[in-house]
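Scroll down for the structure; my scribbles are underneath it.
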Amino acid sequence: MAGGCPALRPGSIWAIWVRRRGALVFSPRMQSGWDPGWHSYDIYALRVEDTRFFNTTRPYTELGYMLAARGEQLVSVSHTQNRGPNFNFSFDYRLINAPGIFQNQNTNHSNIRVATWYQAKNKRYQNFFVMVSNKLAASENGGIQNPADLDSIQYANQATLPVKLGNGIQQATGNIFSAPITTGTRYSTATFMMRQQYDLGQKDSIVTDTSVIPLFYPRVRAEHTISYSTYKYRYFDFSTNPTYILDSTYYKQNYGVGLLSPTTDSVYLQDKWSVFSNDFSLYQFPDSKNPQQFVKLGATLELLTGTFDSSLTSQTTKTIHKTNTQNVFAHGEYRNKTRNQVWDIEAYGRLYLNGLNSGDYNAYISLRRLITRQVGYFTAGFENANRTPGFVFDRSSAFYLDTTYKSGIKKENTTHLFASLDQPQHHLSLSASYYLMTNYAFFTNYSRVAQADVFNLLQISVRKQFTLYRHWKWRTLTYLQQTAGNSPVHVPLLVSTNQVGYDGSLGFRNLNTSFGVELRYVSPYKADGYAPVVGQFYTQDSTIRQKLPDINFYLHFRVRGFTAFIRAENINAMKFSPHGFGWYNNNFVAPGYPSPGLVIRFGFFWGFVN
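If you count by my numbering, then the sequence shown holds residues 142 to 751, one letter each, in order.
Structural data, given as structure tokens:
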């Protein structure tokens, strides 16, 4: 809905109904500092902060493959191995290709991550390196033109339903290595990061009959992190007469673009960024035997370069312009995971002292304590963020198409209070969150921006597993949400996902299996519309209602290192009228965006030691 809202494009491969801003389960961005503003495809990207580092005695590989309707495929490869006792490297590759169910909906996403870890023999020095590359490409159809067409015998094949963008474009073939996109987006990001650490402390060793194992307990750690990142965000609609002619009326009505020539003009928008970051931090470990307790202080210099380009006709091109700016911020962190696991404390903060995002900050603290084994773990915390909205709200961006908003964009301020109770013995988790939002930035239509006054939101969730009979389980995750004040955030009052099925071995020693049915209910609400040109969700007033709860059947099993699954999704789309049996009782996830009909998915993951 708003700038910076990481959301799944409706209808995409593995689409799930969880978006961060203005969506099913509300969870706003709490990170201060520079934000480019495009997060619609974040769920498909690999991140540096999720990188795992290994120390293995044998090489390990995991292969994954998934196949679904119309040639939808996912391929994944992960590998890690040591080259000596002090050096490890790992590699991850993932390719997702989906022709889509409706017109002009093909996607092709590829991700690569390479990581290395090195530790000196004396254990004082460590080096971490990460390279991550994401190429996310997706066609944009703007949604179907008329929802009533789903019940028309003329469109029994839903791949022929008229859409708002891309009508007449040749459908994708399902070639996993090719995704021809005439109207759509290409988001590309790459990051190279190297972190070095040097410790001061005390040496120790474990002496056995045959060897001496050196140990080292750090007291002070110096850390230097350097990274370079590039970000490219592009939208384009190119006429390929006679195969495809762009809809000039669509751009005139929704984005205020002057009437284009459908045969000779094109639409092209691009924001490109490069970010160089240099950080130095110091750690202090109060207890040398507990590395999970430390104090960290540091400072970072960011150098940012943005290049913005747009072309709305074949004859007229907006002058390419650049910005060179910087950020300087200080940060601190305290963690204490006690060795008896009774108390866990986590606190961190960041303050921008100078530059593009001067005055931004975010602060977080949480306390977790084991009350008793019978009561469980209690967690409570607080966080506050004062942040500049995503750069898509800045007039310098090529995607800023609002000609009416006269006020400057103010900083958003979000306060979040939360608490939870986890009872592992009873498979129960209760949580509550309260958000107080000020100057929340959002879109009111396809291109117009606005900021809200003060409003708040209360969210309560329960996660519970019940044993129905022996190995038959019922798992539920249910959210209750309510806004107060003049809120632009629209969320359903009730979201409930339930799974009823069998978990066990069926009497086979090496088999773990799970099968059953999934049901997901979402109460009626005003789901956000989607503006494909700017890649943002926007507020609207029509109500989305499920015709039936989402129903999926699943069968998952594991035999040692081999895991496989079969899923039949959207059984609820079954219908017998008005034109006979078919899968056209589609639920809608956003105005104009129906979920697919029946989709069968098969996949496996095989992990093995080389």
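Note that the Cβ used here is the ideal one computed from N, Cα and C, for glycine as well.
Reduced DSSP category for residue i - H, G, I as helix; E, B as strand; rest coil
i: Arg510; result: strand
i: Arg327; result: strand
i: Glu190; result: helix
i: Thr457; result: With a pLDDT of 46 at Thr457, under the threshold of 50, the predicted position of this residue should be treated as unreliable, though the coordinate-derived value follows. In the structure shown, Thr457 sits in coil (DSSP, three-state: anything other than H, G, I, E or B).
i: Asp378; result: strand
i: Gly733; result: coil
i: Gly721; result: coil
i: Arg362; result: strand
i: Ile367; result: strand
i: Ile707; result: strand
i: Arg254; result: strand
i: Asp345; result: strand
i: Phe243; result: coil
i: Phe649; result: coil
i: Thr301; result: helix
i: Gly748; result: strand
i: Pro288; result: helix
i: Tyr541; result: coil
i: Leu533; result: Just to set this straight, residue 533 is Val in the shown sequence, not Leu. Looking at Val533 - three-state DSSP - the assignment turns out to be helix.
i: Asp176; result: coil
i: Ile712; result: helix
i: Arg235; result: strand
i: Ala672; result: strand
i: Ile294; result: helix
i: Tyr662; result: strand
Residue i, enclosing alpha helix (DSSP H) - first and last residue
i: Gln394; result: Ser389 to Tyr396
Cut-off 6 angstroms between Cβ atoms - residues of its own chain near residue i, not counting five sequence neighbours on either side
i: Thr257; result: Phe230 and Phe270
i: Lys344; result: Phe357
i: Glu487; result: Arg476 and Ser507
i: Ser251; result: Leu236 and Lys276
i: Asn268; result: Tyr259 and Gln337
i: Tyr587; result: Asn395, Tyr396 and Ala672
i: Phe379; result: Thr323 and Ser407
Any chain B beta carbon closer than 7 angstroms to residue i
i: Gln343; result: In summary, chain B is missing from the structure at hand, where a single protein chain is found.
Boundaries (first-last residue) of the beta strand (DSSP E) holding residue i
i: Thr555; result: Glu553 to Gln564
i: Ala591; result: Val590 to Gln592
i: Val123; result: Outside the displayed span of the chain (142 to 751) sits residue 123, for which this structure offers no information.
i: Lys605; result: Phe596 to Tyr610
i: Thr579; result: Leu569 to Thr579
i: Ile638; result: The question names Ile, but residue 638 is Thr in the sequence shown. It spans Leu635 to Gly645 - the beta strand (DSSP E) in which Thr638 sits, taken as one unbroken run.
i: Thr520; result: Gly517 to Arg528
i: Leu438; result: Gln434 to Ser452
i: Tyr587; result: Neither: Tyr587 is in no beta strand (DSSP E) and is coded neither H nor E.
i: His631; result: Looking at the DSSP string, His631 is not in any beta strand (DSSP E), and its letter there is neither H nor E.
i: Ala278; result: Tyr266 to Ser280
C-beta atoms of residue i and residue j nearer than 7 angstroms
i: Val740; j: Ala279; result: no
i: Gln687; j: Asn728; result: yes
i: Asn481; j: Arg491; result: no
i: Gly744; j: Phe706; result: yes
i: Ser574; j: Gln600; result: yes
i: Trp105; j: Tyr643; result: An answer regarding residue 105 cannot be provided, because it is not within the stretch 142 to 751 covered by the chain.
i: Asn525; j: Thr556; result: yes
i: Ser422; j: Glu364; result: yes
i: Ser372; j: Thr323; result: In the sequence as displayed, the identity of residue 372 is Tyr instead of Ser. No. Outside cutoff.
i: Asn89; j: Asp682; result: Given a span of 142 to 751 for the chain in the structure shown, any question on residue 89 remains unanswerable.
i: Ser418; j: Ser368; result: yes
i: Gly284; j: Asn245; result: no
i: Asn247; j: Pro240; result: yes
i: Asn465; j: Thr441; result: no
i: Arg360; j: Tyr424; result: no
i: Ser370; j: Thr332; result: yes
i: Thr366; j: Asp420; result: yes
i: Thr617; j: Ser561; result: no
i: Glu553; j: Arg528; result: yes
i: Phe232; j: Val255; result: yes
Cut-off 7 angstroms between Cβ atoms - residues of its own chain near residue i, not counting five sequence neighbours on either side
i: Gly757; result: Coverage of the chain is limited to positions 142 through 751, which leaves residue 757 absent and any answer about it impossible.
i: Phe596; result: Met578, Thr624, Ala625, Gly626, Asn627 and Ser628
i: Gln214; result: Met207, Leu208, Asn238 and Ile317
i: Ile354; result: Ser346 and Ile347
Inter-residue CB distance, residue i and residue j (contact presumed, cutoff 8 angstroms)
i: Val700; j: Asn651; result: 5 angstroms
i: Asp766; j: Gly531; result: Examination of residue 766 is not possible in this model, given that the chain is present from 142 through 751 alone.
i: Arg514; j: Asp485; result: Actually they are not in contact, since the Cβ atoms of Arg514 and Asp485 sit about 16 angstroms apart, beyond 8 angstroms.
i: Thr202; j: His220; result: 5 angstroms
i: Phe694; j: Val658; result: 6 angstroms
The ligand PLP heavy atom lying under 6 angstroms from the CB of residue i
i: Gln592; result: Here there are no bound small molecules, and the ligand PLP is not part of this structure.
Cβ shell of residue i (< 8 angstroms), same chain only, five flanking positions each side left out
i: Gln434; result: Phe426, Pro427, Asp428, Arg476, Asn477, Lys478 and Thr479
i: Ala539; result: Leu410, Gln411, Asp412, Phe449, Asp450, Ser451 and Lys459
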